[in-house]
Amino acid sequence: MKKRITIFIIALTVILSNLSVFAASDLIIGKNASAFTDISGHWAQSAIETYADPDIFADGEGSFLPGKAITRLEFAIILHTALDIKIKYLKEPDIKEFFDDVSNEDIGSSQLYDLAAAGIIDRKNSFGPNEVLPRDEMVHYIINALKDMTGGNYAIILMMPEPFDDDSKISPEYKNDITEAMLLKLIYGRGRNMFYPDSPATRAEGAIVVQRLANTAASFKEDVDVVPSVEVSDSGLTMKLSIANHSGKPVTINHSSGQKYDFTLMDSDRNIIYRWSADKSFIAALTTTVIEDGDTLEFSSVLEGADYSVIKNSIKYMAAYITGQSHDFEINMEGYELGIRQPQRLNINPCK
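As numbered in mature numbering (1 follows the signal peptide of the UniProt record, and there is no 0), residues -23 to -1, 1 to 329 make up the sequence shown, in order.
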């Protein structure tokens, strides 16, 4: 679906609470419950137990050290856990493709590679994995992740929040992200209407904003999920488009012919080098597709043999299309695009 943010303007200035951004939430025992010795009763206990791996974050005495500054790589690991990214690559990932100061042998390098490939971590050349993560940069990655998780389709009620008193210290490149995060209640301040954008985020703060991200993204979940995917082998390529209906009612797609879907493959410049329907013929009649609540419909096609071999090394992107219209959900007529290097993760972008 197209990445867009619907903004509702309300002519009202809201003074946000001066309470800490990282207020306590209901404690939900997570997968790492009781793994750390120093978080019992902590306001971020639920988030820490859910997203912090003791094998990575526990010191020799089993402490999490929630007030310790979090490094960029530590935050990347927590964020990756929340996103539950699963990617199958055509070749062995090499983190040097993105960062010259991280090695494939480093703990967390594979998680960082996934986040960089998705454009969530968008630093260039050097990452500074062991450097502390500034709070404004942390928020930037959270917003990037939210856009990736939702396809950019979410509404914000814009109520003109009062700027932080240290707003001038926020990097211009991150100001919009911080405003958006405030409106979505992903962040507040550390007290006295101060954000401290250039101060290091703590481990507890990193865990709690990631938890809020996951909860917020879940609230924006579409009633109908349209997901492209690709399965690649040396001998062929399987293109898939799944439509999952969890709207609580049947959804109907109306087609102007017998064609219900299409697939294209593109090179690195997004030039189309293959179109599934190019050699197909379809009945000239109105048809409908009905997907019952709770059901998932999958369209698929396999490209193999000589047709695949001749373009195999040029394929970089796939786009899947629903050839029809629906009154029950929005269909992106520009298609659902997927990088072939990311064949099995939800990363839908409009075709260009």
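Even glycine gets a Cβ: it sits at the ideal position worked out from N, Cα and C.
Item: If you run the structure through DSSP and keep just helix, strand and coil, what is E74?; Value: helix
Item: Apart from the five residues just before and just after F75, which ones in its own chain have a Cβ nearer than 6 Å to its Cβ?; Value: A93
Item: Check each candidate in S224, R189, E108 and A29 and name the one with the smallest Cα separation from A12.; Value: A29
Item: Out of S87, K45, I185 and L214, which has the shortest C-alpha to C-alpha gap to L242?; Value: L214
Item: Beta-carbon separation of residue 362 and P111 under 8 Å?; Value: For residue 362 there is no data in the structure shown, the boundaries of the chain being -23 and 329.
Item: Go through its chain and collect everything with a Cβ distance to I(-9)'s Cβ below 6 Å, but skip five positions before and after it.; Value: Interpretation of I(-9) is limited by its pLDDT of 25, a score under 50 that renders its predicted location unreliable; no figure is taken from the coordinates.
Item: For I250 and M310, I'd like the C-alpha separation in whole angstroms.; Value: 19 Å
Item: Quick check: what's the CA-CA separation for N170 versus I133?; Value: 22 Å
Item: Tell me which residues share the same chain as F41 and place their Cβ nearer than 7 Å to its Cβ, disregarding the 5 neighbours each side in the sequence.; Value: F13, D15, I16, I25, A29, F34, A35 and R180
Item: Where does G213 sit, in a helix, a strand or coil, going by DSSP?; Value: strand
Item: Which same chain residues end up closer than 6 Å to M126 when comparing Cβ atoms and leaving out the 5 residues on each side of it in sequence?; Value: A194
Item: Could you tell me whether the region 221 to 230 touches the region 277 to 285, using the rule of 3 or more Cβ pairs below 8 Å?; Value: no
Item: Note down the Cα distance separating I97 from A122, rounded to an integer number of angstroms.; Value: 6 Å
Item: Where do the N-terminal and C-terminal ends of the beta strand (DSSP E) with R252 fall, by residue?; Value: I249 to R252
Item: DSSP puts F240 in a beta bridge; with which residues?; Value: A297
Item: Straight-line CA distance for S254 to D239?; Value: 6 Å
Item: Within this structure, are the beta carbons of L190 and I119 separated by less than 8 Å?; Value: yes
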